[in-house]
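Shown next, in structure tokens, is the structure this report addresses.
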Amino acid sequence: MKEQKTHGVLALICIGFSLIGFAQNPIIRNQYSADPSARVFGDRVYVYPSHDILAPEGVARKDWFCMEDYHVFSSENLTDWTDHGMIVQQNKVPWVLPNSYSMWAPDCIEKNGKYYFYFPSTPKDTVGIGKGFTIGVAVADTPTGPFLPETNPIKGVRGIDPNVFIDKDGQAYLYWSSRDIFGAKLKDNMLELDSEVKTLANLPSKGLKEGPYVFERNGIYYMTYPHVENKIERLEYAISDNPLGPFKVMGVIMDESPTGCWTNHHSIIEFKNQWYLFYHHNDYSPTFDKARSIRSDSLSFNSDGTIKKVIPTLRGIGISTADKEIQIDRYSKISEKGASIAFVDPLDHFKGWKTVLNSSDGWIQYDAVDFGKKVLKSIVVKGMSSTGGVLQIRTKGINSFLIAEVKIPVSTDWKEIKVPVAKFEEGVQNLYVTLKENNKEVEVDWISFK
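Reminder that position 288 of the sequence shown reads as 272 in this note's numbering, one-by-one numbering, no gaps.
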């Protein structure tokens, strides 16, 4: 796989921001990303993930997690995501061991107009911690920084995966993991512990558990965490009437990865009256699960407060706009035969995926496309075909109709084919794409309306 361009020295000169993600999963398209901590600040969602890279020369373990910095991403509509650039880098933190590549899962929280970014790493010997991870803080006046790291890590904390929860009374709590899950109160300065460290009781004792994320809903405190019940992690949760427990284990939020990605790590937020689960998978790196990408899907609750299991999707969250590129390979549904998904470029997975249709029985469905109120008169398909073929693009639902037929010519290169729209209907529609004829094969990168 081609190594991403934001590696090493190039990452240090990253300035400004850029639009790099869409509503479909994975939501970040320009780099590997993992362990997403999602937060609602004002009218935007901000996501603070860790940043996987492929190990550079000189790193002892080429087959392990390798992370040197953090970026922050945000969206106001959960469809268009902006990369605000690098906010913390390993060799710019006073207490972090240089070139240790251990900037693992972070979190960020706001209190009294300040933004506190918590992150784990390997400390220098001079810090007096010894071997293993500890957790530090960087502080900013805005959600996107600039963040100024504290000189020393938080005293009394040994472990990874920091998470901060602020209760309704204003008391802040820090959680972290190191085989067990630990918690303690934070002082008002958000930089020091204000209680003894407590090992949180009644969580599973068998198998690795890590990545705590705590939230409150209707008086119930939810402790959520990845747990290896069998061979790889699944997302589970427990509840309590106290932020520090004891907790009662309730069940599974998301099952183990069906393709074998060993880790999962998550956060849960409410935004505009809908709950969302942010998590990760190795979409761009299917043969190496230490290079991951963040995703999001909707989450909901039963009437008794229990969490309904989330089934991961490629379609993800948000509403796609018809006049932008619609990546139908991030489908809502797909036929069992006659349709498949593949990388556009096997040597550069960040170029994304394509849909391959090779039978009139094959189809792909992409839900929640907003056509707005202005009449869109044409459709553009970026396609390619060794045989030539005709695509039928329809709406799917009670009032389904044919939007357009698009003839894809014989070509070994991608072509953008534009044809008139046969029928237009405003509002949010579900798209249904199929091949008109058998003995043909058509590849589709994206479609868009004009």
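Don't be surprised by glycine CBs; every beta carbon is placed ideally from N, CA and C.
Own chain partners of residue i with C-beta closer than 6 Å, once the 5 adjacent residues on each side are dropped
i: L177; result: G140 and A168
i: V233; result: A222
i: V121; result: Y100, Y102, E134 and L175
i: P188; result: H211
i: T208; result: Y197 and Y221
i: N414; result: D351, K380 and G381
i: D275; result: The question names Asp, but residue 275 in the sequence shown is Ala. If we look at A275 and ignore the five residues flanking it on each side, its Cβ neighbours are Y16, D36 and S269.
i: I204; result: I223 and G289
Nearest residue (CA-CA) to residue i, options the options
i: D109; options: L81, V405, N383 and Y85; result: L81
i: G244; options: R218, V236 and P78; result: R218
i: I37; options: R28, Q15 and V56; result: Q15
i: T63; options: M51, H35, P227 and N9; result: N9
i: R201; options: K193, N186, D225 and D351; result: D225
i: E389; options: A406, S395 and W430; result: A406
i: I363; options: L228, D351 and I387; result: I387
i: M238; options: I216, K256 and F231; result: I216
i: K317; options: T297, K256 and K171; result: T297
i: R314; options: N96, N173, P90 and W430; result: W430
i: N214; options: P130, V56, F231 and L192; result: L192
Residue i to residue j span [Cα, whole Å]
i: E180; j: D153; result: 20 Å
i: S251; j: A22; result: 6 Å
i: S344; j: A323; result: 9 Å
i: L283; j: K115; result: 38 Å
i: K190; j: I295; result: 25 Å
i: F262; j: V111; result: 34 Å
i: E240; j: F149; result: 26 Å
i: F272; j: A18; result: 13 Å
i: V359; j: K434; result: 9 Å
i: I312; j: Y157; result: 42 Å
i: V403; j: Q258; result: 37 Å
i: L228; j: P330; result: 47 Å
i: N266; j: Y206; result: 27 Å
i: N435; j: D151; result: Residue 435 lies beyond the stretch modelled for the chain, which goes from -15 to 434, so this question has no answer here.
i: D125; j: L132; result: 10 Å
i: E349; j: I377; result: Note that residue 349 is Gln in the sequence shown, not Glu. Answer to the nearest angstrom: the Cα atoms are 10 Å apart.
i: K357; j: F255; result: 26 Å
i: V426; j: I310; result: 17 Å
i: V365; j: K338; result: 12 Å
i: G367; j: S432; result: 12 Å
i: D172; j: I138; result: 14 Å
Close Cβ partners of residue i (< 8 Å) along its chain, the five nearest in sequence each way excluded
i: E409; result: F355, T379, N383 and F385
i: H58; result: According to the sequence displayed, residue 58 carries Ser and not His. These residues qualify, in order along the chain: R28, V29, Y30, V31, W65, T66, H68, P127 and T128.
i: P393; result: S369, G372, K399 and I401
i: E421; result: S344, G373 and V374
i: W88; result: D19, S34, F49, M51, F103, P104, S105, F117, I144 and D145
i: T290; result: M234 and G235
Residues sharing a beta bridge with residue i, DSSP
i: D354; result: T305 and V412
i: P210; result: L219
i: Y157; result: F149 and K169
i: R279; result: Y263
i: W398; result: Looking at the DSSP assignment, W398 forms no beta bridge with any residue, so it has no partner.
Anticipated Cβ contact below 8 Å, residue i with residue j, distance rounded
i: S92; j: Y100; result: In the sequence as presented, Ser is not what sits at residue 92; that position holds Cys. The pair is a contact, with the Cβ atoms about 7 Å apart (cut-off 8 Å).
i: V353; j: V428; result: Actually they do not touch by this definition, with Cβ atoms about 15 Å apart.
i: S319; j: W347; result: 5 Å
i: Q74; j: D47; result: About 20 Å; that fails the 8 Å criterion.
i: Q166; j: T183; result: One detail in the question is off: residue 166 reads as Phe in this sequence, not Gln. That pair is a contact at about 6 Å.
i: L341; j: T418; result: 7 Å
i: K293; j: N286; result: At roughly 11 Å, the Cβ-Cβ gap does not stay under 8 Å, so K293 and N286 are not in contact.
Residues of its chain near residue i, where Cβ-Cβ distance is below 7 Å and the 5 sequence neighbours each way are ignored
i: Q155; result: K169
i: I11; result: G5, W65, I278, R279, S280 and G300
i: V43; result: C50 and Y85
i: F25; result: E94 and P127
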